[in-house]
Every structure is written in structure tokens, then in C-alpha cells.
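**Q**
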Amino acid sequence: MSGNVEKLFIDVGSTYFKVSTSEHIEQHFRDFNKDILDDLVHKCGDTINRFGKSDVHICSSANGGLSTLIIGTTKSFSLKYATNIAFNSGINIIDTILYQNIEDYSVPSDLVDVVIIVGGIDSHGDIFGASLFNYLDQLNYSNVVFVGSEQEASSLQEKIENLVVLPNIIDNRLHIVEDNLREYLTNLYQQDIEGKEDIKHLYDITDNQIFSTPYVVNKALPFIDAKFVVANPFILLDIGGATTDIHYSKDLVDDNIVTKNEYDRLVFKKLGVYKSKQSLIFSAKNNEFVYELLMHLKVTENIFVEQGEKATKILMQLAIFLVLCKMSHHQKSYVNLKLLVINSIVFTGGITKVLTVEEIEDIVSFFYKKILSSEHNPTTILDTNYDIWTLGAREKELCQ
């Protein structure tokens, strides 16, 4: 990229869109009665018209991510490796199934965007049988990919329609091989974004690929100190209308097997405050500490059915608490972060338009005291101007 050419960066969220030039950032609440492009042009047309299509770069989190089911033969290798790659591709995992026990698992009723099947090193065969095919016959899914033993590939292709076969993610020394599956999942995520009718229309104003916002934000983390005084190690929470994303440096995790990136990310598709509000409320009701937190906030569970600014604030605060719980040793999940050693928590996304630093710190303090029995108090940093997104967008564009 030439340093003399000005670029326009646009982020389409589920509730807001942001438009950034070298001079300033515009932020607009979306009009849901309009097509995204029409709304964008109506509000920012003068700015957009100043740029050629090759100089406009767009990312989006409006699709909320992909739902994934993983079927593997071992917890310590196949399921663990595939889960790691999927999470770090911005994928939302709804369940992992140990193949030996597949007949004991219920079949999800919702559409699954992608099923990943994995297991065995390439020198092993005869791994999967009728129980796998019976389960898939009952499952409603859009894509299915096999990344296990190459000896199994042809027999699975005969039985599973439209199966995509990629090289095994487990080599013969039981090391992870991540590139092929990561690229497949990332491209699938891009196709999902671009397949949304509203998003498709944005190609009228850009010649560049539309990326997912979590991917772009993650690109900013090595450069975050250009805009903020952040004490390492830190985590970044991006809480919006469709998803809650957490970005973290890998030294916060003991057991991390994907080594290429300095920072990883997890995308929680069902912890947004607008588009996925009902699933956030469901998660809250199933957390044993939430009612105590509501008492602390001086509200009752009636807040879940209320509308307005106060209810939105409470939901945002609950999203903070729930995602911290998911990352803590309190919950058995894919990854547990060393939350007691972090020095800063950076917040970006729609949450910065709703909560004050004090309202966020209240929740963080409650979490540390209640869940971790600690007086630890990380510094709270609010990215109210979405500077982190623009850092990532510029870095991503520079790297192309």
C-alpha cells in the first residue's frame, strides 16, 4: 500500500456501524428498516463518495459467527486439536462428541453450520462406522469436513454427501497441523458474512474482501500501546449486539497448542445483547451466581423482560460477568485464562456506548471476589472511540 493513499474503513456491527478516515471516526446506530448499504449511504454518503472502491475496507460481525459440532476419537488429541483450531478461527462450538460414545449424545435441533470429523493418524484405518453415519443422518447441518486419518477419507466420502476432505490435523508424531483446517474455517466464515444479502450489497462500494471483525480486532493487539496505556498481560473484551469476543495473549494459557499467533481469540455467538439477547438471558439464568449479582445491582429477575436503557445496561454487565466465568476455572471449558495475573482489561464494542468505567469495574470486582475469592483489581480501559478496530483494520490492510 502506498503511504500517500488515504483509506476508508467501515465496520458493520449488529447494532452500530463505524466509518473511519484519517481525520475522524463516525458512529451510527443502524436503522433496521433499511438495507445496510442504503442506511450507510444515507448517513455517510458524502464520505464514501470520496473514495474509490479499491480504497474502501470493510469488516463485519453482523452475522454472529458460525456454529460448529466436532466429532473426534480422543479427548487428548483429535477433539482437543480441532477445538483449538476452530475457536481460534472465530468459530462458535456448540458441542464436542467423543465418537466412542456418540450414541449417548442428543442431536441438536438447530441448524449446525459446520461439522468437523477428526481422528486417527494416517497409518490407522477402520476408525469410523455406522454409528457416525446414523448420527449425521439425524443432524441438520450445512457443511461437513473430515480432517482425520487419510485411510478413512475415501470410505467416509462414499457415505457422507458433500464431505470436504482436508489433510489430517494430527501428524504421525501426534503434533498439530493447523493451516488447512484454519484456512477452511476462516473462508467459511467469510462466505457466511458475504452470503448475507445485506452484506453482499456492500461490494457495490468495495473491491476488497470483507473480513470478520474479531479477526481484524485481533490484528490490533500487538500495537495496542500506540493508543492506550495497557499493562501486560491483558485481555480485551469486545461486547456487542450479536457476540461477545475475548482476545488474550497466549502467555495467559498453560495448555495452548496453536503457536503461530501471539494472541488468540474466542467468539461467543450467543452472548450478545441485542441480536442474541434471549440466549444471553438463558445463560444468565443458568449461572448459579447471577441472582446474587442481580441483588448486588439492586434489580430483580424482572429486568430480563424489561425494555429500555436500564435493562440494556444490566445485560451488558451480565455479559461481562458470564464471559469472565467462562474463562475462569469455575467453569470447565475449552480454555481457562490466568485471570489472577492480568493487569488490564480492555473493553471495546457497543458496551463502550452503554456502560461507564465505574459500572464495569463494579462487575469485574464482583467477579474476582465471588468467583476467584480475590481482591485482585485489573485496570479497566474503555475504547470509547473504537480506536482498536481502526488499528487492526489499518494493520490488516498494510499486511495484504
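Here numbering that gives the first Met the number 0 is used: position 329 in the sequence shown is 328, and no number is missing along the way.
Here a beta-carbon is modelled for each residue, glycine too, at the ideal position from N, C-alpha and C.
Taking only three categories from DSSP, how would you classify Val106?
**A** Stepping through the sequence shown from its first residue, residue 106 is reached at position 107. It is coil, neither helix nor strand.
**Q** Are the CB atoms of Ser88 and Gly147 within a distance shorter than 8 Å?
**A** Within the sequence shown, the letter at position 148 stands for residue 147. Within the sequence shown, the letter at position 89 stands for residue 88. Result no, Cβ atoms of Gly147 and Ser88 do not sit closer than 8 Å.
**Q** Could you check what DSSP says for Asp191 in three-state terms: helix, strand or coil?
**A** As a working mapping, residue 191 is identified with position 192 in the sequence shown. It is helical.
**Q** Across which residues does DSSP place Val432 in a beta bridge pair?
**A** There is no way to answer for residue 432, as the model of the chain reaches only from 0 to 399.
**Q** Under a CB-based cut-off of 8 Å, is Leu180 close to chain D?
**A** The structure shown has no chain D; it contains just one protein chain.
**Q** For Thr351, I'd like the list of residues in its chain whose CB is within less than 7 Å of its CB, leaving aside the five on either flank, ordered along the chain.
**A** As a working mapping, residue 351 is identified with position 352 in the sequence shown. Excluding sequence neighbours, Thr351 sits near Leu381, Asp382, Thr383.
**Q** Taking three-plus beta-carbon pairs below 8 Å as touching, is the stretch 309-327 in contact with the stretch 231-240?
**A** Yes, since at least three Cβ pairs between the stretch 309-327 and the stretch 231-240 fall closer than 8 Å, the two stretches touch.
**Q** Specify the secondary structure class of Gly349 as computed by DSSP and reduced to three states.
**A** On the sequence shown, residue 349 is found 350 positions in, with the first residue counted as 1. The answer is helix: DSSP assigns Gly349 an H, G or I state.
**Q** With a 10 Å radius around its C-beta and 16 neighbouring C-beta atoms as the bar for buried, classify Gly307 as buried or exposed.
**A** Your numbering for residue 307 matches position 308 in the sequence shown. Exposed: under 16 other Cβ atoms inside 10 Å.
**Q** Taking a contact to mean a Cβ-Cβ separation below 8 Å, would you say Thr72 touches Gly124 in this structure?
**A** As a first step, residue 72 must be located in the sequence shown, where it is residue number 73. As a first step, residue 124 must be located in the sequence shown, where it is residue number 125. Cβ distance not < 8 Å, so Thr72 and Gly124 don't count as in contact.
**Q** Between Ile120, Leu220, Ala152, which has its C-alpha nearest Arg172's C-alpha?
**A** Taking the sequence shown and counting its residues from 1, one reaches residue 172 at position 173. Comparing Cα positions, the closest option is Ile120.
**Q** Would you kindly work out how many angstroms separate the C-alpha atoms of Glu291 and Leu138, rounded to a whole number?
**A** One-based indexing of the sequence shown puts residue 291 at position 292. One-based indexing of the sequence shown puts residue 138 at position 139. Their Cα atoms are separated by approximately 38 Å.
**Q** For the stretch 339-356 against the stretch 225-235, do three or more pairs of beta-carbon atoms, one drawn from each stretch, fall closer than 8 Å, so that the two count as touching?
**A** In short, these stretches touch, since the Cβ pair count reaches three.
**Q** With a Cβ-Cβ cutoff of 8 Å, do Gly391 and Lys218 count as a contact?
**A** Position 392 of the sequence shown, counted from the first residue, corresponds to residue 391. Position 219 of the sequence shown, counted from the first residue, corresponds to residue 218. In this structure, Lys218 lies closer than 8 Å to Gly391 by Cβ.
**Q** With DSSP as the reference, please indicate the residues paired to Thr378 in a beta bridge.
**A** Counting from one through the sequence shown, the residue named residue 378 turns up at place 379. DSSP output for Thr378 lists Ser343 as bridge partner(s).
**Q** Please return the same chain residues whose Cβ sits closer than 6 Å to the Cβ of Ile223, not counting the five positions on each side in sequence.
**A** Locating residue 223 in the sequence shown gives position 224, where the first residue counts as 1. Same-chain partners within the cutoff: Val229.
**Q** From Phe288 to Thr205, what distance separates their C-alpha atoms?
**A** For the purposes of this step, residue 288 is taken as the residue at position 289 of the sequence shown. For the purposes of this step, residue 205 is taken as the residue at position 206 of the sequence shown. Distance between the alpha carbons of Phe288 and Thr205: 46 Å.
**Q** Can you tell me whether Val111 sits near the ligand ADP, meaning its C-beta is under 7 Å from at least one heavy atom of the ligand?
**A** Absence of the ligand ADP is noted for the structure shown, with no ligands found whatsoever.
**Q** Within 10 Å of its beta-carbon, does Ala85 have 16 or more other beta-carbons around it, so buried, or fewer, so exposed?
**A** By 1-based counting over the sequence shown, the position of residue 85 is 86. Buried, since its Cβ has 16 or more Cβ neighbours within 10 Å.
**Q** Helix, strand or coil for Glu25, going by three-state DSSP, please let me know.
**A** Reading the sequence shown from its first residue, position 26 is the one you call residue 25. Residue state, collapsed to three classes: strand.
**Q** Given this structure, state the Cα-to-Cα distance separating Asn431 from Ile35, to the nearest angstrom.
**A** Since the first residue shown for the chain is 0 and the last is 399, residue 431 is missing from the structure and cannot be characterised.
**Q** Below 8 Å, how does it come out for the stretch 354-371 and the stretch 21-35: are there three or more Cβ pairs, yes or no?
**A** The stretch 354-371, when compared against the stretch 21-35, does not touch it at the 8 Å Cβ threshold.
**Q** Of the residues Phe303, Glu149, Ala310, Glu374, which one's Cα is nearest the Cα of Leu338?
**A** Within the sequence shown, residue 338 is the residue found at index 339, counting from 1. The candidate whose alpha carbon is nearest that of Leu338 is Glu374.
**Q** Starting from the Cα of Val111, find the closest Cα among Lys199, Glu25, Trp388, Leu68 and give me that residue.
**A** Position 112 of the sequence shown, counting from 1, holds the residue named residue 111. With distances taken between Cα atoms, Val111 lies closest to Leu68.
**Q** Below 8 Å CB to CB, which residues in the same chain sit around Asp94 once its five sequence neighbours on both sides are set aside?
**A** On the sequence shown, residue 94 is found 95 positions in, with the first residue counted as 1. So the list reads Leu68, Ile69, Tyr104, Pro107, once near-sequence residues are dropped.
**Q** Can you tell me which of Leu314, Ser21, Lys309 puts its alpha carbon nearest to the alpha carbon of Leu279?
**A** Counted from its first residue, the sequence shown places residue 279 at position 280. Closest option to Leu279, Cα to Cα, is Leu314.
**Q** In the DSSP output, which residue or residues are listed as bridge partners for Leu68?
**A** In the sequence shown, residue 68 corresponds to position 69, counting from 1. DSSP, once it has assigned bridges, lists Asp94, Val114 as partnering Leu68.
**Q** Output needed for Glu182: all residues of its chain with C-beta closer than 8 Å, excluding positions within five of it in sequence on either side, in chain order.
**A** Position 183 of the sequence shown, counted from the start, is the residue given in the question as residue 182. Excluding sequence neighbours, Glu182 sits near nothing in its chain.
**Q** Under a three-way DSSP split, which group does Phe145 fall into?
**A** One-based indexing of the sequence shown puts residue 145 at position 146. Note: Phe145 maps to strand in three-state DSSP.
**Q** Return the chain-ordered list of same chain residues with a C-beta closer than 8 Å to the C-beta of Leu165, the five sequence neighbours on each side being excluded.
**A** Indexing the sequence shown from 1 puts residue 165 at position 166. Excluding residues within five positions, the ones whose Cβ falls inside 8 Å are Val144, Phe145, Val146, Asn179, Leu180, Tyr183.
**Q** Considering only their Cβ atoms, is the gap separating Asn91 from Val113 smaller than 8 Å?
**A** Locating residue 113 in the sequence shown gives position 114, where the first residue counts as 1. Locating residue 91 in the sequence shown gives position 92, where the first residue counts as 1. No; because the gap between Cβ atoms is not below 8 Å, this pair is not in contact.
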